[in-house]
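A short worksheet on the structure shown next.
Protein chains: 2
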Amino acid sequence: MTSQAAEGPETVVASRRSKITPEREREFFDAVLEQIRECGYDSVTMEGIAASTRCSKSTLYRQWKTKPQFVAAALRASRRVRFAGIDTGSLAEDLRQAARAAGDWSGKDTRLLQALGHAVTSDQELARALREALVHPEIAALEEMLARGVARGEVRADHPALEYIPAMMFGVLRVRPVLNGQYADADYLVRFVEAAVLPALGLG
Amino acid sequence: MTSQAAEGPETVVASRRSKITPEREREFFDAVLEQIRECGYDSVTMEGIAASTRCSKSTLYRQWKTKPQFVAAALRASRRVRFAGIDTGSLAEDLRQAARAAGDWSGKDTRLLQALGHAVTSDQELARALREALVHPEIAALEEMLARGVARGEVRADHPALEYIPAMMFGVLRVRPVLNGQYADADYLVRFVEAAVLPALGLG
DNA sequence: GTGTACCGATACGGTGGAGTACCGGTACAC
DNA sequence: GTGTACCGGTACTCCACCGTATCGGTACAC
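In the order they appear, the protein sequences are chains A and B.
Take our numbering: the last position of the first sequence gets the number 204, and nothing is skipped along the way.
Take our numbering: the last position of the second sequence gets the number 408, and nothing is skipped along the way.
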């Protein structure tokens, strides 16, 4: 994005022999996560990543010892809170906006979570990285929303539905492909919030 | 279960050279599904199945042409409606019982669904088998419960939460391991029904 | 008893990925 | 200009699995 595009004949990025830059690293990470989404964790090969990023296997193995470590690094680097900063002053509206935001990254993240879901059971580091990259930040953001709602007196602190809201949101997000054959989009999720989440909280 | 256990010295089941019986077939199916749960779809090998069931690879390849076909057959054979026959006359109680029943097979089925979730995206037959074995029967049973509740006048037919109940139940079931690190047990699910599902339906 | 169909075991070639080693080349520091 | 560290390419070994072929043996029908 640094408008460094036309520096050689064709679009060839003149040979890269210098130390790996953070931008270059991100190319590796993007490539491996995308391949995992498409082909599944087991089918992703270091050779494939090397080929698709036009680097050499040696380069990958110099930076990361094994495939799971490489993937875990990619996950950690991709960590991003998807609906941070939502704070409308109303719990119902916060949840609607969260649903809308979730609908936007639903496909990508759901596929990644699905593809890694099993690999994670045999590699502790990978499991931690996945939780910290894709699960924990969103849960934490949701719980903050709920806490603010409680603080404002919109919901009682001991409301029994409170503890299930994150599971409901994530759950519906994740199983929709299995049940209906398509990823949950923003519209579906917002309607779900209206129809089930808010009523469960007594806000309907 | 036909009390045919002690027929040789040791527990060795005297050499099996006859045609594959349905019982023998079920051993193959059980073995492959169990291995899938433990190691994931991609890691399961025909050689491994052959070894663990003490049959030969040839035998497997004689019956089923490919691994996905073999697995699909295993899924179809394992088809079973987990909470059929629940009909207490009250929607709330039906849902509680369904939750309790679901808690009992939660671990096994959730692991299987997780392990196959990605393989399914690249094999139509496998996808159909999975849906018909593990997803559709349960969904259908749930929807029947809801329909009976509507027919009895417990819930209005156009209640907006109705369409989301199956997704909520399945969703919470499936994401609990990711969120809390443990499978949803009967107790957790029943409390979920009380705290969120019934209130969403206006039955709380 | 005889025949036959099918099982279990084993061996085999082919393929593909993991991870290592080496080598030439280039960017960058000084 | 010189040195050096690190990159990209390639070749290599190891290993596991796929799918096939072969063979001896045994249950079962008749």
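Positions of the beta carbon are idealized from the N, C-alpha and C atoms, including for glycine.
Quick caveat: nothing in here was measured; it's all calculated off a predicted structure.
- Query: Does the Cβ of Arg152 (chain A) have 16 or more other Cβ atoms within 10 Å, making it buried, or fewer, making it exposed?
  - Reply: As a first step, residue 152 (chain A) is located in the first sequence; it is residue number 152 there, counting from the start. That one is exposed.
- Helix, strand or coil for Trp309 (chain B), going by three-state DSSP, please let me know. In the second sequence, the residue the question calls residue 309 (chain B) occupies position 105. In the structure shown, Trp309 (chain B) falls within a helical segment according to DSSP collapsed to helix, strand and coil.
- Message: I believe Leu95 (chain A) touches Val155 (chain A) by the beta-carbon criterion, under 8 Å. Please report the beta-carbon distance rounded to the nearest angstrom.
- Response: Here residue 95 (chain A) refers to the residue found at position 95 when the first sequence is read from its first residue. Here residue 155 (chain A) refers to the residue found at position 155 when the first sequence is read from its first residue. Wrong, their Cβ atoms sit about 11 Å apart, outside the cutoff.
- Message: Using the three-state DSSP reduction, which class does Ser3 (chain A) fall into: helix, strand or coil?
- Response: Position 3 of the first sequence, counted from the first residue, corresponds to residue 3 (chain A). A caution first: Ser3 (chain A) carries a pLDDT of 35, below 50, which makes its placement in the model too unreliable to give a value.
- Let me know if Asp362 (chain B) comes out buried or exposed under the rule of 16 or more other beta-carbons within 10 Å of its beta-carbon. On the second sequence, position 158 is the one that residue 362 (chain B) refers to. Exposed, because fewer than 16 other Cβ atoms sit within 10 Å of the Cβ of Asp362 (chain B).
- Task: Would you verify that the beta carbon of Val379 (chain B) is, or is not, closer than 9 Å to some beta carbon of chain A?
- Result: By one-based count along the second sequence, residue 379 (chain B) stands at place 175. Yes - at least one Cβ of chain A is within 9 Å of the one on Val379 (chain B).
- Report yes or no: is there a C-beta of chain A within less than 9 Å of the C-beta of Glu211 (chain B)? The residue you call residue 211 (chain B) lines up with position 7 of the second sequence. Only weak support is given to the placement of Glu211 (chain B): the predicted model assigns it a pLDDT of 34, under 50, and the value that follows is read from those uncertain coordinates. Taking Cβ atoms only, chain A never reaches closer than 9 Å to Glu211 (chain B), which makes this a no.
- Amino acids of chain B, ordered along the chain, whose beta-carbon sits closer than 8 Å to that of Ser43 (chain A): Here residue 43 (chain A) is taken as the residue at index 43 of the first sequence, counted from 1. Near Ser43 (chain A) (Cβ distances below 8 Å), the residues of chain B are Asp246.
- Task: Measuring alpha carbon to alpha carbon, tell me which of A:Glu47, A:Leu146, A:Thr66 ends up nearest Leu91 (chain A).
- Result: Counting from one through the first sequence, the residue named residue 91 (chain A) turns up at place 91. Looking at the Cα atoms, A:Leu146 is the closest of the given residues.
- Gly40 (chain A) - DSSP class collapsed to helix/strand/coil: Here residue 40 (chain A) refers to the residue found at position 40 when the first sequence is read from its first residue. Three-state result, Gly40 (chain A): coil.
- Residue nearest to Ala337 (chain B) in terms of C-alpha spacing, selected from B:Arg352, B:Val275, B:Arg395: The count along the second sequence starts at 1 and reaches residue 337 (chain B) at position 133. Cα-wise, what sits closest to Ala337 (chain B) is B:Val275.
- Message: Measuring only the C-alpha atoms, how far is Gln114 (chain A) from Gln301 (chain B)?
- Response: Looking up residue 114 (chain A) in the first sequence gives position 114. Looking up residue 301 (chain B) in the second sequence gives position 97. So the two alpha carbons sit approximately 29 Å from each other.
- Item | Spatial distance of Gly103 (chain A) from Tyr245 (chain B) (CA atoms) | Numbered from 1 along the first sequence, position 103 holds the residue referred to as residue 103 (chain A). Numbered from 1 along the second sequence, position 41 holds the residue referred to as residue 245 (chain B). Using only the alpha carbons, I get a separation of about 28 Å.
- Task: Locate the alpha helix (DSSP H) running through Gly171 (chain A), then write down its first and last residues.
- Result: As a working note, residue 171 (chain A) is residue 171 in the first sequence. First-last of the alpha helix (DSSP H) with Gly171 (chain A): 165-180.
- Query: In three-state terms, what does DSSP make of Leu203 (chain A)?
  - Reply: Taking the first sequence and counting its residues from 1, the one referred to as residue 203 (chain A) is at position 203. Here Leu203 (chain A) sits in coil by DSSP.
- Item | Beta-carbon proximity list for Val175 (chain A), same chain, < 7 Å, skipping 5 on both sides | Position 175 of the first sequence, counted from the start, is the residue given in the question as residue 175 (chain A). No residues qualify anywhere along the chain.
- Item | Per-residue contacts from Leu383 (chain B) into chain A (C-beta, under 8 Å) | Counted from its first residue, the second sequence places residue 383 (chain B) at position 179. In chain order: Val135, Ile139, Pro166, Ala167, Phe170.
- So, are the CB atoms of Ile240 (chain B) and Leu320 (chain B) less than 9 Å apart? Here residue 240 (chain B) is taken as the residue at index 36 of the second sequence, counted from 1. Here residue 320 (chain B) is taken as the residue at index 116 of the second sequence, counted from 1. Yes, the pair counts as a contact, with Cβ atoms nearer than the cut-off.
- Query: Is the region 322-332 of chain B touching the region 167-174 of chain A in the sense that three or more CB pairs, one from each, lie closer than 8 Å?
  - Reply: no
- Query: What residue from A:Asp123, A:Pro160, A:Leu179 has the CA that sits closest to Tyr392 (chain B)'s CA?
  - Reply: For the purposes of this step, residue 392 (chain B) is identified with residue 188 of the second sequence, where counting begins at 1. Closest by alpha carbon: A:Pro160.
- Message: Rounded to the nearest angstrom, what separates Gly212 (chain B) and Ala345 (chain B) at their Cα positions?
- Response: Locating residue 212 (chain B) in the second sequence gives position 8, where the first residue counts as 1. Locating residue 345 (chain B) in the second sequence gives position 141, where the first residue counts as 1. Low confidence applies here, because Gly212 (chain B) scores a pLDDT of 32, under 50, leaving its location unreliable and the question unanswered by this model.
- Please name the residues in the region 183-194 of chain A whose beta-carbon is closer than 8 Å to at least one beta-carbon of chain B, in chain order. Arg191, Phe192, Glu194
- Item | Amino acids of chain B, ordered along the chain, whose beta-carbon sits closer than 7 Å to that of Gly117 (chain A) | Taking the first residue of the first sequence as 1, we reach residue 117 (chain A) at position 117. Under the 7 Å cutoff, chain B gives Gln318, Gly321.
- Give a yes or no on whether 9 Å exceeds the smallest Cβ distance from Val13 (chain A) to chain B. In the first sequence, the residue the question calls residue 13 (chain A) occupies position 13. Annotation note: pLDDT 45 at Val13 (chain A) (below 50); position unreliable, no value reported.
- Can you name the start and end residues of the alpha helix (DSSP H) that Glu348 (chain B) belongs to? On the second sequence, position 144 is the one that residue 348 (chain B) refers to. For Glu348 (chain B), the enclosing alpha helix (DSSP H) stretches over residues 340-355.
- Query: How about Pro411 (chain B) and Ala323 (chain B): are their beta carbons less than 9 Å apart?
  - Reply: The structure shown does not extend to residue 411 (chain B), since chain B spans only 205 to 408, so no value can be given for it.
- Message: Please report whether the beta-carbon of Thr121 (chain A) lies at a distance below 9 Å from any beta-carbon of chain B.
- Response: Looking up residue 121 (chain A) in the first sequence gives position 121. At least one C-beta of chain B is nearer than 9 Å to the C-beta of Thr121 (chain A).
- Task: Let me know if Arg79 (chain A) comes out buried or exposed under the rule of 16 or more other beta-carbons within 10 Å of its beta-carbon.
- Result: Taking the first sequence and counting its residues from 1, the one referred to as residue 79 (chain A) is at position 79. It counts as exposed.
- Tell me whether Ala288 (chain B) is buried or exposed, calling it buried when 16 or more other Cβ atoms sit within 10 Å of its Cβ. Position 84 of the second sequence holds residue 288 (chain B). Flag for Ala288 (chain B) reads exposed.
- Task: Please determine, among A:Ser122, A:Arg100, A:Cys55, the residue with the shortest C-alpha to C-alpha distance to Glu27 (chain A).
- Result: In the first sequence, residue 27 (chain A) corresponds to position 27, counting from 1. When only C-alpha atoms are compared, the closest one is A:Cys55.
- Task: Verify the CB distance criterion: does Ala305 (chain B) have a CB-CB separation below 9 Å to chain A?
- Result: The sequence position of residue 305 (chain B) within the second sequence is 101, counting from 1. No, its Cβ sits nowhere closer than 9 Å to a Cβ of chain A.
- Message: Less than 9 Å between CB atoms is the rule here; does Ala276 (chain B) satisfy it with respect to chain A?
- Response: The residue you call residue 276 (chain B) lines up with position 72 of the second sequence. False, the Cβ-Cβ gap to chain A never drops below 9 Å.
- Would you please verify whether the beta carbon of Pro160 (chain A) is less than 9 Å from any beta carbon of chain B? Taking the first residue of the first sequence as 1, we reach residue 160 (chain A) at position 160. Cβ-Cβ to chain B under 9 Å: yes for Pro160 (chain A).
- Message: Between which residues of its own chain and Thr263 (chain B) is the CB-CB distance below 8 Å, once the five residues before and five after are set aside?
- Response: Taking the second sequence and counting its residues from 1, one reaches residue 263 (chain B) at position 59. Excluding positions up to five away in sequence, the list reads Ile224, Ala254.
- Message: Measuring alpha carbon to alpha carbon, tell me which residue in A:Glu25, A:Leu173, A:Pro22, A:Arg76 is nearest Lys108 (chain A).
- Response: If you number the first sequence from 1, residue 108 (chain A) lands on position 108. Ranking A:Glu25, A:Leu173, A:Pro22, A:Arg76 by Cα distance to Lys108 (chain A) puts A:Leu173 first.
- Amino acids of chain B, ordered along the chain, whose beta-carbon sits closer than 8 Å to that of Ala50 (chain A): Walking along the first sequence from the start, residue 50 (chain A) turns up at place 50. Neighbours of Ala50 (chain A) in chain B, taken as residues at a C-beta separation under 8 Å, are lacking, since the least C-beta distance is about 21 Å.
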